[in-house]
Amino acid sequence: MNTEVVNPATEQVVATVPSTSAADADAAIERAHRALPAWRAVAPGDRARLLRRFAEAVDSDVDNLASLEVANSGHTIGNARWEAGNVRDVLHYYAAAPERLFGRQIPVPGGVNVTFAEPLGVVGVIVPWNFPMPIAGWGFAPALAAGNTVVLKPAELTPLTAIRLGELAREAGIGEDVFQVLPGRGSVVGQRFVDHPLVRKVVFTGSTEVGRGIMAGCAAQVKRVTLELGGKNANIVFADADLERAAATAPYGVFDNAGQDCCARSRILVQRSAFDRFLGLLEPAVRGVVVGDPASERTEMGPLISAGHLASVSSYVDDEVEVAFRGSAPEGPGYWFPPTVVLPRTPTDRTVVDEVFGPVVTVQAFDDEADALRMANDTDYGLSGSIWTRDVGRALRVARGVEAGNLSVNSHSSVRYWTPFGGMKQSGLGRELGPDALDAFTETKNVFIATEGES
Ligand code: NAP
Ligand code: MG
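Using full-length UniProt numbering, you'd call the opening residue of the sequence shown number 1 and step up by one each time.
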């Protein structure tokens with residue numbers, strides 16, 4: 001079976017990719033298992049060098065990878081270059097891990113006690129379509145560094161950059177069974193990662209609904225699992241904030257990648273005394289977002305990923321919904337949806353509760369700090385969020401009070417590869433990136449060695 005890969009900005013087929021069958025996925029998992037002893041025996045410095053070579057191969061291919069992502073996913077060329085560069089940087093960062101993956105010596109009587117950070121085995125990485133490159137790298141780079149072998153399933157809609165990353169790994173000298181890319185359906189290939197006993201850990205990024213099923217499936221074998229799921233993140237703007245900057249940046253905090261971002265700040269909460277002024281400043285900022293050809297250097301927002309997703313996003317902005325104002329979107333082919341600002345009628349409106357995963361943002365008023373926290377936390381999700389205020393004490397109080405894994409003050413940034421990333425509540429389980437990600441790809445083994453004749 002084959003999958004036709006479609007350019008979402010033009011609706012043209014750009015490639016045809018064979019889909020991996022369940023039997024082929026099983027064979028790949030078994031090869032990955034057989035490759036384990038040799039890969040974990042590679043000297044730490046040599047494994048590090050292979051990962052650095054992989055990083056350099058990605059660096060040499062940044063423009064090609066970025067073009068593939070523009071064509072496959074409709075990402076703006078600027079974003080796509082950043083995403084390819086992120087894979088390079090994450091590989092370089094975890095290339096420093098193999099020689100530093102040490103255990104501890106713990107004092108005990110009658111002997112020596114040491115711990116080892118053992119690899120888990122075959123790790124299955126399941127990637128969604130919204131950030132095909134970075135999310136793949138956040139899984140495979142630390143997994144490989146820790147001595148695991150990896151099978152990776154890209155989303156059916158967006159396999160092209162993952163396939164290219166697999167080729168670059170081989171060019172860098174990483175064994176073909178050490179890192180395998182298996183395009184295909186989630187219900188086929190992804191499900192084999194969950195069910196096959198030789199896969200010892202599943203790294204899943206995607207919807208909360210599918211993630212829940214993955215976790216339940218993994219429970220049957222007590223299989224390790226990391227989940228990065230959805231978000232419905234608050235951008236909290238206090239009246240004492242730099243309102244001009246808060247308003248100028250708010251569109252980019254939610255409309256980047258056409259809102260198809262689990263960290264999108266899709267609920268703007270504004271202190272009531274500043275509400276009208278903020279909305280007045282937000283309107284020109286939203287109308288100013290440059291939406292169009294993703295290959296153009298000027299473009300700030302591209303299309304949605306598919307016709308199905310366009311229908312889903314559109315369903316949130318029906319006649320019942322009060323639209324404050326909108327930005328622009330091209331006419332003609334492509335899955336375009338304009339940046340849209342909604343004024344919800346009730347706190348239970350679908351636009352307030354659901355992760356729309358498109359360029360739709362709600363703006364609501366709050367009265368005081370307690371009210372802001374109550375509204376921000378009134379969701380099953382807990383991934384990210386922003387806090388705008390000039391009061392340092394308040395910034396810290398609110399940052400500690402918001403139930404989310406990644407917060408930014410007077411900024412909308414969520415992701416740095418050297419700091420931890422992940423969600424609270426139903427936004428996920430575990431953390432990726434940063435200094436501790438290796439813990440999620442190793443298991444601690446404790447060994448006692450007697451130094452006395454009898455013990
Ligand atoms: P999705 O439907 O959950 O799919 C994610 C991945 O899981 C895809 O590769 C999909 O394969 C696969 N999959 C589907 N069913 C499966 C099954 N039964 N067993 C194993 N794998 C299965 O999510 P999506 O629609 O691609 O992505 C959008 C969602 O991802 C949003 O909710 C978003 O918030 C979330 N997300 C979260 C983060 C984060 O870091 N927290 C980052 C990005 C996205 P197919 O190719 O068949 O679809
Ligand atoms: Mg899906």
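Using N, Cα and C, we set each Cβ at its ideal position, and we do this for glycine too.
Beta-carbon separation (whole angstroms), residue i vs residue j, contact threshold 8 Å
| i | j | result |
| --- | --- | --- |
| Pro303 | Tyr335 | 5 Å |
| Arg52 | Ala95 | 5 Å |
| Val122 | Arg200 | 6 Å |
| Leu269 | Ala372 | 6 Å |
| Ala32 | Asp177 | 6 Å |
| Gly124 | Phe193 | 3 Å |
| Thr389 | Phe275 | Rounded, the Cβ-Cβ distance is 15 Å, inconsistent with contact. |
Alpha-carbon spacing of residue i relative to residue j, whole angstroms
| i | j | result |
| --- | --- | --- |
| residue 473 | Leu433 | As shown, the chain starts at 1 and ends at 455. That puts residue 473 outside it, with no answer to give. |
| Val290 | His75 | 13 Å |
| Val420 | Pro435 | It is worth fixing the name first, because residue 420 is Pro in this sequence and not Val. Rounded to whole angstroms, Pro420 to Pro435 spans 7 Å at the Cα level. |
| Val14 | Leu157 | 11 Å |
| Ser455 | Phe116 | Note on Ser455: pLDDT 49, under 50, position unreliable in the model; no value is reported. |
| Glu331 | Thr351 | 25 Å |
| Gln180 | Asn7 | 25 Å |
| Lys425 | Ala27 | 36 Å |
| Ile77 | Asn257 | 11 Å |
| Leu144 | Val323 | 47 Å |
| Pro44 | Phe102 | 11 Å |
| Val150 | Leu198 | 12 Å |
| Phe448 | Asp195 | 34 Å |
| Val342 | Val356 | 12 Å |
| Trp138 | Ile126 | 11 Å |
| Pro333 | Ala295 | 15 Å |
| Thr10 | Arg374 | 43 Å |
| Thr405 | Gly423 | Sequence check: residue 405 is Gly here, not Thr. One C-alpha to the other measures close to 5 Å. |
| Tyr93 | Trp39 | 19 Å |
| Ala66 | Ala84 | 6 Å |
| Leu209 | Leu282 | Rather than Leu, the amino acid found at residue 209 in this sequence is Glu. For Glu209 and Leu282, the distance between alpha carbons rounds to 33 Å. |
| Val402 | Ser386 | 10 Å |
| Asp46 | Cys262 | 36 Å |
| Asp318 | Asp240 | 34 Å |
| Leu450 | Pro107 | Leu is not the amino acid found at residue 450; the sequence shown has Ala there. Those two C-alpha atoms are separated by around 12 Å. |
| Ser312 | Ser408 | 29 Å |
8 Å Cβ cutoff met for residue i and residue j
| i | j | result |
| --- | --- | --- |
| Leu243 | Phe204 | no |
| Ala141 | Pro154 | no |
| Val254 | Ser266 | yes |
| Leu182 | Leu227 | no |
| Ala376 | Ile236 | yes |
| Ser384 | Asn233 | yes |
| residue 512 | Leu160 | Within the shown structure, residues of the chain are numbered from 1 to 455, placing residue 512 beyond reach of any answer. |
| Val360 | Thr340 | yes |
| Val225 | Val202 | yes |
| Arg298 | Gly327 | no |
| Arg88 | Ala35 | no |
| Ile50 | Ile214 | One point to set straight first is that residue 50 is Leu, not Ile, in the sequence displayed. No, they are not a contact pair. |
| Gly358 | Gln260 | yes |
| Thr444 | Pro119 | no |
Check: residue i C-beta below 7 Å from any heavy atom of the ligand ADP
| i | result |
| --- | --- |
| Ala57 | Absence of the ligand ADP is noted for the structure shown, with the ligand NAP and the ligand MG being the only ligands found. |
Meets three-Cβ-pair contact criterion under 8 Å: the region 132 to 148 and the region 67 to 74:
yes
Restricting to runs no shorter than 4 residues, where is the alpha helix (DSSP H) found entirely within the region 147 to 221?
160 to 171, 191 to 195 and 208 to 219
Scan the region 29 to 80 and note each continuous alpha helix (DSSP H) run of 4 residues or more that stays entirely inside, going in chain order.
36 to 41, 44 to 60 and 62 to 73
Every unbroken beta strand (DSSP E) inside the region 283 to 308 [3 residues or more]:
none
Start-end ranges of the beta strand (DSSP E) lying completely within the region 317 to 347, minimum 3 residues:
323 to 326 and 340 to 342
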